[in-house]
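Top line first, the protein sequences correspond to chains A, B and C. Our numbering applies: residue 126 is where the first sequence begins, and numbers increase by one. Our numbering applies: residue 124 is where the second sequence begins, and numbers increase by one. Our numbering applies: residue -17 is where the third sequence begins, and numbers increase by one.
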Amino acid sequence: MDLGDSVLDHLRQVAALPDLAGTHYELECEIGRGGMGVVYAARDRELDRRVALKVLEVALAGEAQLIAKLEHPAVVPIYEAGTLPDGRAFYAMKLVTGLRLDGYVAGLASLAKRLEVIRRVGEALAFAHARGFIHRDLKPQNVMVGEFGEVYVMDWGVDAVAGTPGFRAPDARLDRRSDIYALGGLLQFLLPVPPPPALQAIAAKAMSADPAARYSDVAAFLLDMERFQEGLAVEAWAEPWWHRLRRYGARNAVLLWLLAAYAAVKFLLFFLRNL
Amino acid sequence: MTMNKILAGVLLGLVLGALDGGTAWFYPEARPLITGILVGSSFKGMVVGLLSAWFARKVQSTAWGITVGAGLGLLFAFLVAANDTLNGRHPYLEIMVPGFVVGAIIGFVTQRVGTPGTAVKEQ
Amino acid sequence: MDTAIGGAYHRFPSTRLSLVEAAATGLPNEALERVIALYWKPVYRFIRLKFRKDNEDAKDLTQGFFTTALERDFFARFDPGKASFRTYLRMAVERFAQNQYAAANRQKRGGDIEFEPVDERAATTESPEQAFEREWQRQLFALSLDDLRAHCEECGKQLHYRIFEAYDLAEGERPSYADLAARHGIPETAVTNHLAWARRTLRGFVTDRVRGTTSGPRELNEEMRRVWI
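1) Determine the burial state of glycine 310 of chain A: buried for a count of at least 16 other Cβ atoms within 10 Å of its Cβ, exposed for fewer.
2) Step through the CB atoms of chain C and report whether any lies within less than 8 angstroms of the CB of aspartate 296 of chain A.
3) On the CB-based measure, 16 or more other CB atoms within 10 Å of its CB, does asparagine 37 of chain C come out buried or exposed?
4) Excluding five sequence neighbours on each side, which residues of the same chain lie with their C-beta closer than 7 angstroms to the C-beta of alanine 184 of chain A?
5) State buried or exposed for aspartate 94 of chain C, treating a residue as buried only when at least 16 other CB atoms are found within 10 Å of its CB.
6) Rounded C-beta distance between isoleucine 327 of chain A and alanine 361 of chain A? I'm assuming under 8 angstroms.
7) Taking Cβ-Cβ distances shorter than 9 angstroms, what residues in chain A pair up with threonine 208 of chain B?
8) Can you list, in chain order, the residues of its chain whose CB lies under 7 angstroms from that of glycine 223 of chain A, leaving out five sequence neighbours each side?
9) Which class does threonine 208 of chain A belong to by DSSP, given the choice of helix, strand or coil?
10) Measure from the alpha carbon of leucine 134 of chain B to the alpha carbon of each residue in B/Pro151, B/Thr158, B/Ser175, then state which is nearest.
11) How is glutamate 147 of chain C classed by DSSP in three states: helix, strand or coil?
12) Quick one: list the residues of chain C neighbouring histidine 135 of chain A, beta-carbon separation under 7 angstroms, in chain order.
13) In this structure, how does DSSP classify arginine 91 of chain C when only helix, strand and coil are distinguished?
14) So leucine 224 of chain A is in the beta strand (DSSP E); what residue range does that whole segment cover?
15) For the stretch 127 to 140 of chain A against the stretch 151 to 159 of chain A, do three or more pairs of beta-carbon atoms, one drawn from each stretch, fall closer than 8 angstroms, so that the two count as touching?
16) Which two residues bound the contiguous beta strand (DSSP E) that contains tyrosine 387 of chain A?
17) Cβ atoms of phenylalanine 258 of chain A and isoleucine 305 of chain A: under 8 angstroms apart, would you say?
18) Mind checking who methionine 218 of chain A pairs with in its DSSP beta bridge?
19) What does the alpha-carbon distance come out to for the pair tyrosine 277 of chain A and lysine 238 of chain A?
20) Among the residues of its own chain, which have a CB less than 7 angstroms from the CB of glutamine 325 of chain A, if the five just before and after it don't count?
21) Once the 5 residues before and after phenylalanine 97 of chain C are set aside, which same chain residues still bring their CB inside 7 angstroms of it?
22) Measuring only the C-alpha atoms, how far is arginine 401 of chain A from arginine 372 of chain A?
23) Give a yes or no on whether 8 angstroms exceeds the smallest Cβ distance from leucine 195 of chain B to chain A.
24) Drop a sphere of 10 angstroms on the beta-carbon of histidine 176 of chain C, count the other beta-carbons inside from all chains shown, and report buried for 16 or more, exposed for fewer.
25) Rounded to a whole number of angstroms, what is the C-alpha to C-alpha distance between alanine 227 of chain B and valine 236 of chain B?
26) Here's a check: name, in chain order, each residue in its chain whose Cβ is nearer than 8 angstroms to the Cβ of alanine 86 of chain C, leaving out the five neighbours to either side.
27) Counting only Cβ pairs nearer than 8 angstroms, list the residues of chain A close to glutamate 153 of chain C.
28) By alpha-carbon positions, which one of A/Leu145, A/Ala231, A/Leu181 ends up nearest to leucine 202 of chain C?
29) Return the first residue and the last residue of the alpha helix (DSSP H) that glycine 162 of chain A is part of.
30) May I ask you to report which of helix, strand or coil DSSP gives glycine 136 of chain B?
31) How many whole angstroms separate the CB atoms of leucine 197 of chain B and methionine 169 of chain B, which I take to be in contact at a CB cut-off of 8 angstroms?
32) Step through the CB atoms of chain A and report whether any lies within less than 8 angstroms of the CB of valine 173 of chain C.
33) Could you tell me whether the Cβ of alanine 331 of chain A comes closer than 8 angstroms to any Cβ of chain B?
34) Using the three-state DSSP reduction, which class does threonine 238 of chain B fall into: helix, strand or coil?
35) Measuring CB to CB, does threonine 50 of chain C end up less than 8 angstroms from isoleucine 29 of chain C?
36) Taking the alpha carbon of proline 110 of chain C as the reference point, which residue from C/Arg181, C/Leu71, C/Ser126, C/Arg27 has its own alpha carbon closest?
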């Protein structure tokens, strides 16, 4: 049998759609492709809500179970894992409406909001690390920001063999430190141009080529970021004296202005009385 | 260093009041009365400090703290100026304007330092 | 296509092993057969385009590759971490062809496996690598369609196959569901169901054939993503 191009492409299209007959889901449309499978929007007829269905040819051992163990506000909850009538594996999970991080940045969010996103991602990462899990493929495409500012980290535990340039640590090991590298990459990605030097230094430290030079854990990274936000000195950056002075001035602005006002008033009165 | 807010306010007011009073040394005509001025100024500062700190326990707001402190500083400075005479007139300007600013400083700092004590709900 | 290669493929549900599993359990011939069935045409086309051989030379080289280059440790040397099996095989073809280039080697090994004549396809603008992938997809579906047809014969689902053939395999304009329903004297819902069944079953065969040339679930998932649009 000889297949013409048009028939071939038609077959490739029609046989690709998941057959949800016999499940309590109704297919709506495809919403994305990533990692190992295709993600569709579907309606759960029983609970009358929209869900996301990730469909794979074959279930990757333990992926669903892993995500199900991570109950955290920033981890997309998994509702069900199973097999479709056509033999493929699927996971039903929360349908996240919002922007992927690359789109969010294009929307010119403020620096404070961007740092908040990093903070939430970091908290999720710290949570996972505490339970012995590693993300392994953290990148802007795997972070979503919902319409109310909720942050979701997706595609956990997928071993990206090819890696993603810019977010994959140069050393081949995949452990907490490589997750920290990726977190630094995420921060770098979110920094505005021109980047504040302290934040740049934090990102650079997290992305050191030598894993031992990076932050020892996510908490240390988040702490340094917090220091930046409070106007304190950052561990990652040896700041020049004039910058330190400016920072001190900014933190104590009100007091310094009041003291300046006092001095000004005193001087003014002193010299005026001679007139 | 954990210190009760009221105590901190009083000490702060004492120090700032003394320093403010000390600047009278630059006015030659006031120099002979410097001791009295220092005492009066310190006492004025302590009162402002006490009242500001008490206010800070009730209301946590930097802006209001400054306002109240400045107001108190102005009031007590007025009282002092009304009782003093220098060169045959009351030194309202020389005392009230700095007193206003010092009061503002006291009001600001009392909002920030010391443990608030019972104003904050105990866990 | 010669049913000797088809073999037992139209069992359903399939219990086909992955490539690595088959090689490990010492079934090199079966693995080899599967690889040849799927890859003969793609390799032929690749050689024609990449090395600009005419029909006869390309056939000889393809034949030579599959009979001499594929020994037992071809599969053992494959490292799934580095590239897909498809890429590994394609690179082996390149090496083989380059080695044969100087030699005027025209070994015609006849034998067990028969190949039907391949058509002349008009010169295209696609690269040899793209042509290789395209032929792979084409051959994959062609073989799976054979599986489907044979399966329908076995299970008495000839009607299902006829409807599927009339709709999904139609070149040009497709009949409407109503037309098909009228033509075969069945309700329209039956048309929908038969089509769904046929597509699902076809999908199963496609997956099985891909599984037979991949090393495990991860590679299977990745390869399947290349199959579908």
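We treat Cβ as the ideally placed atom computed from N, Cα and C, and that holds for glycine. Please read these numbers as outputs of a predicted model, since none were measured by experiment.
Put simply:
1) Position 185 of the first sequence, counted from the start, is the residue given in the question as residue 310 of chain A. It is buried - the Cβ of glycine 310 of chain A has at least 16 other Cβ atoms within 10 Å.
2) The sequence position of residue 296 of chain A within the first sequence is 171, counting from 1. Chain C contact via Cβ: absent.
3) For the purposes of this step, residue 37 of chain C is taken as the residue at position 55 of the third sequence. Exposed is the call here.
4) Reading the first sequence from its first residue, position 59 is the one you call residue 184 of chain A. Contacts found: Ala214.
5) In the third sequence, residue 94 of chain C corresponds to position 112, counting from 1. Here the model assigns aspartate 94 of chain C a pLDDT of 38, short of 50, so the residue's position is not dependable and the matter cannot be decided.
6) By 1-based counting over the first sequence, the position of residue 327 of chain A is 202. By 1-based counting over the first sequence, the position of residue 361 of chain A is 236. Going by Cβ atoms, the distance from isoleucine 327 of chain A to alanine 361 of chain A rounds to 5 angstroms, so yes, they are a contact pair.
7) Numbered from 1 along the second sequence, position 85 holds the residue referred to as residue 208 of chain B. What threonine 208 of chain B touches in chain A: nothing, since even the nearest Cβ is about 15 angstroms away.
8) On the first sequence, position 98 is the one that residue 223 of chain A refers to. Here the set comprises Met269, Val270, Gly271, Glu272.
9) By one-based count along the first sequence, residue 208 of chain A stands at place 83. Residue state, collapsed to three classes: strand.
10) Within the second sequence, numbered from 1, the residue matching residue 134 of chain B stands at position 11. Of the candidates B/Pro151, B/Thr158, B/Ser175, the one whose C-alpha sits nearest the C-alpha of leucine 134 of chain B is B/Ser175.
11) Walking along the third sequence from the start, residue 147 of chain C turns up at place 165. DSSP places glutamate 147 of chain C in helix when its eight states are reduced to three.
12) In the first sequence, counting from the first residue as 1, residue 135 of chain A sits at position 10. The answer, in chain order, is Asp150.
13) Taking the third sequence and counting its residues from 1, the one referred to as residue 91 of chain C is at position 109. Confidence is the limiting factor: at arginine 91 of chain C the pLDDT is only 46, short of 50, which leaves the residue's position unreliable, though a coordinate-based value still follows. Correct three-state label for arginine 91 of chain C: coil.
14) Mapped onto the first sequence, residue 224 of chain A falls at position 99. Its beta strand (DSSP E) spans residues 223 to 225.
15) no
16) Here residue 387 of chain A refers to the residue found at position 262 of the first sequence. Not the beta strand (DSSP E): tyrosine 387 of chain A falls in the alpha helix (DSSP H), residues 378 to 397.
17) Indexing the first sequence from 1 puts residue 305 of chain A at position 180. Indexing the first sequence from 1 puts residue 258 of chain A at position 133. Going by C-beta atoms, isoleucine 305 of chain A is not nearer than 8 angstroms to phenylalanine 258 of chain A.
18) Here residue 218 of chain A corresponds to residue number 93 of the first sequence, with the count starting at 1. Its beta-bridge partners are A/Ala177, A/Ile203.
19) As a first step, residue 277 of chain A is located in the first sequence; it is residue number 152 there, counting from the start. As a first step, residue 238 of chain A is located in the first sequence; it is residue number 113 there, counting from the start. One C-alpha to the other measures close to 15 angstroms.
20) Taking the first residue of the first sequence as position 1, residue 325 of chain A is located at position 200. Closer than 7 angstroms at the Cβ level, and outside the excluded window around glutamine 325 of chain A, lie Leu316.
21) In the third sequence, counting from the first residue as 1, residue 97 of chain C sits at position 115. Only weak support exists for where phenylalanine 97 of chain C lies, its pLDDT of 43 falling under 50; the coordinates are left without a value.
22) Since the first and last residues shown for chain A are 126 and 400, residue 401 of chain A lies out of range.
23) By one-based count along the second sequence, residue 195 of chain B stands at place 72. For leucine 195 of chain B, the answer is no, since every Cβ of chain A falls outside 8 angstroms of its Cβ.
24) Your numbering for residue 176 of chain C matches position 194 in the third sequence. By the neighbour-count rule (16 or more Cβ atoms within 10 Å), histidine 176 of chain C is buried.
25) For the purposes of this step, residue 227 of chain B is taken as the residue at position 104 of the second sequence. For the purposes of this step, residue 236 of chain B is taken as the residue at position 113 of the second sequence. Roughly 15 angstroms between the two C-alpha positions.
26) Position 104 of the third sequence, counting from 1, holds the residue named residue 86 of chain C. No answer about alanine 86 of chain C holds up, because its pLDDT of 49 lies below 50 and its placement is not dependable.
27) Walking along the third sequence from the start, residue 153 of chain C turns up at place 171. Those are Gly129, Ser131, Val132, listed as they occur along chain A.
28) Taking the third sequence and counting its residues from 1, one reaches residue 202 of chain C at position 220. Of the candidates A/Leu145, A/Ala231, A/Leu181, the one whose C-alpha sits nearest the C-alpha of leucine 202 of chain C is A/Leu181.
29) Mapped onto the first sequence, residue 162 of chain A falls at position 37. Element bounds for glycine 162 of chain A: not the alpha helix (DSSP H) but the beta strand (DSSP E), 162 to 169.
30) Here residue 136 of chain B is taken as the residue at index 13 of the second sequence, counted from 1. Correct three-state label for glycine 136 of chain B: helix.
31) The sequence position of residue 197 of chain B within the second sequence is 74, counting from 1. The sequence position of residue 169 of chain B within the second sequence is 46, counting from 1. In fact, because the Cβ distance is near 17 angstroms, the residues do not count as touching under 8 angstroms.
32) Taking the first residue of the third sequence as position 1, residue 173 of chain C is located at position 191. By this cut-off, valine 173 of chain C is not an interface position.
33) For the purposes of this step, residue 331 of chain A is taken as residue 206 along the first sequence, with counting starting at 1. Cβ-Cβ to chain B under 8 angstroms: no for alanine 331 of chain A.
34) Counting from one through the second sequence, the residue named residue 238 of chain B turns up at place 115. Looking at threonine 238 of chain B - three-state DSSP - the assignment turns out to be strand.
35) Taking the first residue of the third sequence as 1, we reach residue 50 of chain C at position 68. Taking the first residue of the third sequence as 1, we reach residue 29 of chain C at position 47. Not in contact: threonine 50 of chain C and isoleucine 29 of chain C (Cβ atoms no closer than 8 angstroms).
36) Position 128 of the third sequence, counting from 1, holds the residue named residue 110 of chain C. Comparing Cα positions, the closest option is C/Arg27.
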